[in-house]
Amino acid sequence: MKAWEANVRKVVPYTPGEQPNRPGMIKLNTNENPYPPAPGVLKALEELDTGRLRLYPDPAVSELVNALAEYYHKDPSCIFVGVGSDDVIAMAFQTFFNSEKPILFPDISYSFYSVWADLFGIKYERPALDADFRIVKADYFKENGGIIFPNPNAPTGIYMELDQVEEIISGNPDSIVIVDEAYVDFAGPSAMELVDKYDNLLVVQTFSKSRSLAGMRIGFAVGQPRLIKYLNDVKYSFNSYTMNLPSIKLGAAAVKDEAYFRETVGKIVATRERVKKELTDLGFTFPDSQSNFIFATHKSWPAKELFEELKKEDIYVRYFASPRIDNYLRITVGTDEEMDALLAFLRKKGN
Ligand code: PMP
Numbered sequence: 001m002k003a004w005e006a007n008v009r010k011v012v013p014y015t016p017g018e019q020p021n022r023p024g025m026i027k028l029n030t031n032e033n034p035y036p037p038a039p040g041v042l043k044a045l046e047e048l049d050t051g052r053l054r055l056y057p058d059p060a061v062s063e064l065v066n067a068l069a070e071y072y073h074k075d076p077s078c079i080f081v082g083v084g085s086d087d088v089i090a091m092a093f094q095t096f097f098n099s100e101k102p103i104l105f106p107d108i109s110y111s112f113y114s115v116w117a118d119l120f121g122i123k124y125e126r127p128a129l130d131a132d133f134r135i136v137k138a139d140y141f142k143e144n145g146g147i148i149f150p151n152p153n154a155p156t157g158i159y160m161e162l163d164q165v166e167e168i169i170s171g172n173p174d175s176i177v178i179v180d181e182a183y184v185d186f187a188g189p190s191a192m193e194l195v196d197k198y199d200n201l202l203v204v205q206t207f208s209k210s211r212s213l214a215g216m217r218i219g220f221a222v223g224q225p226r227l228i229k230y231l232n233d234v235k236y237s238f239n240s241y242t243m244n245l246p247s248i249k250l251g252a253a254a255v256k257d258e259a260y261f262r263e264t265v266g267k268i269v270a271t272r273e274r275v276k277k278e279l280t281d282l283g284f285t286f287p288d289s290q291s292n293f294i295f296a297t298h299k300s301w302p303a304k305e306l307f308e309e310l311k312k313e314d315i316y317v318r319y320f321a322s323p324r325i326d327n328y329l330r331i332t333v334g335t336d337e338e339m340d341a342l343l344a345f346l347r348k349k350g351n
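For the sequence shown, the positions run 1 to 351 when full-length UniProt numbering is used.
Have a look at this one:
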């Protein structure tokens, strides 16, 4: 070991799993949207004034903030935009979780939370899910330095009803509660409607899933102006130009193409419900996902083996090697054709 290595900040990095990206493969491993971005986005790309790329983008990201404000009927001062919701959440950890008390998030949930907490020196506790993979609400009323959970949760896909989410928020007036709604457009109502009522609530969403723009890296948070100001203070201290010009333009165009957004989300939800039925017939069980993925286990097929077999068919799903969930596969809901290819393979295997 080199002497200077004693000064290196050591973290266990987030492992996104395999990320092959070949055209033609069936990619059901990272919960992307199987449909192309909205026609409005393609038009904005064609119309992009490349001459403006020599200039710095607007640090306040006003065009995108205003488009979101209009769409969600909020004041622009209630909206913060970042480079994917990963960036927004990381910024929120740095801003709001500056406490000696541990923050709370479920075990299991999005694996990035512990990575950020370790990186930023934030203590945490992870209350376990119950036997049905549900978040145990009662675990979130102890003293804490903040709370974050995905709703729907990942990788289970389970959506917590808004009245229960509200109980966690109202029961923790001295902490910031972050509701990570990466997948909420495939589920029930968003906690965004509670923002006016609670000054300790921050709702985070992404353009990577329901808006089919994972490649542009756009996420945003909605909260009362006081929270958004604190977030901006931290953002401007790191790098005021977080968002690039094409992302701002294409993001704003995506928000404005509501008809396409509704149509594609509707298709994904319909496919999900069909695939749930077929997987059940094939002997799989899974928590009732309200998301764009299904977290499934099979009564007699070990998940790791099945994962490898599917890979040979050029079908990629996500296998988690963690001991608590090592017999599950997380399967992203793709197009009907992609899901039919998966189901055809499974049916053949079952015969
Ligand atoms: N939160 C959850 C629960 C997620 O699953 C993801 C996607 N991996 C993210 C946040 C981050 O998404 P993005 O950075 O693409 O907005």
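Every residue, glycine too, gets a C-beta built ideally from N, C-alpha and C.
Just so you know, these numbers come straight off a predicted model, no measurement behind them.
Could you round the C-beta distance between residue i and residue j to whole angstroms and report it? I think they count as a contact, below 8 Å.
i: VAL234; j: ARG272; result: The Cβ separation is near 37 Å, so there is no contact.
i: ASN66; j: PRO76; result: 6 Å
i: TYR14; j: VAL115; result: 5 Å
i: ILE178; j: ILE89; result: 7 Å
i: PRO102; j: TYR72; result: With 8 Å as the limit, PRO102 and TYR72 do not qualify as a contact, their Cβ atoms being about 32 Å apart.
i: LEU64; j: ILE228; result: Contact doesn't hold; Cβ gap of about 14 Å is too wide.
i: GLN164; j: VAL195; result: Incorrect: roughly 17 Å between the Cβ atoms, too far for contact.
i: ASP132; j: PRO287; result: 7 Å
Classify residue i: buried if its beta carbon has 16 or more other beta carbons within 10 angstroms, exposed otherwise.
i: THR242; result: buried
i: ARG330; result: buried
i: ASN21; result: exposed
i: PHE141; result: exposed
i: ARG262; result: exposed
i: TYR56; result: exposed
i: SER190; result: buried
i: LEU201; result: buried
i: ASP257; result: buried
i: TRP301; result: buried
i: GLN19; result: exposed
i: ASN7; result: exposed
i: VAL12; result: exposed
i: THR156; result: buried
i: PHE238; result: exposed
Give me the DSSP bridge partner(s) of residue i.
i: ILE26; result: ILE315
i: VAL269; result: Per DSSP, none; premise fails for VAL269.
i: VAL81; result: PHE220
i: THR335; result: In the DSSP output, where bridge partners are listed per residue, THR335 has none listed.
i: ILE103; result: TYR124
i: THR285; result: THR297
i: ARG330; result: PHE295, ARG318
In chain order, what are the residue ranges of uninterrupted alpha helix (DSSP H) at least 4 long that sit wholly in the segment 191-264? 225-238, 245-256
Could you tell me which whole alpha helix (DSSP H) segments of length 4 or greater appear in the segment 124-190? 162-170
Touching or not, the segment 81-95 and the segment 172-187, by the rule of three or more beta carbon pairs under 8 Å? yes
Contact between the segment 249-269 and the segment 38-51 (3+ Cβ pairs under 8 Å): yes
Tell me whether the segment 310-322 and the segment 18-28 touch, counting them as touching only if at least three CB pairs, one residue from each stretch, are closer than 8 Å. yes
At which residue ranges does the segment 287-324 contain complete beta strand (DSSP E) runs of 3 or more residues, listed in the order of the chain? 293-298
Meets three-Cβ-pair contact criterion under 8 Å: the segment 167-179 and the segment 135-154: yes
Between the segment 321-330 and the segment 291-299, can you find at least three pairs of beta-carbon atoms closer than 8 Å? yes
Is the segment 336-351 touching the segment 131-139, taking contact as three or more C-beta pairs under 8 Å? no
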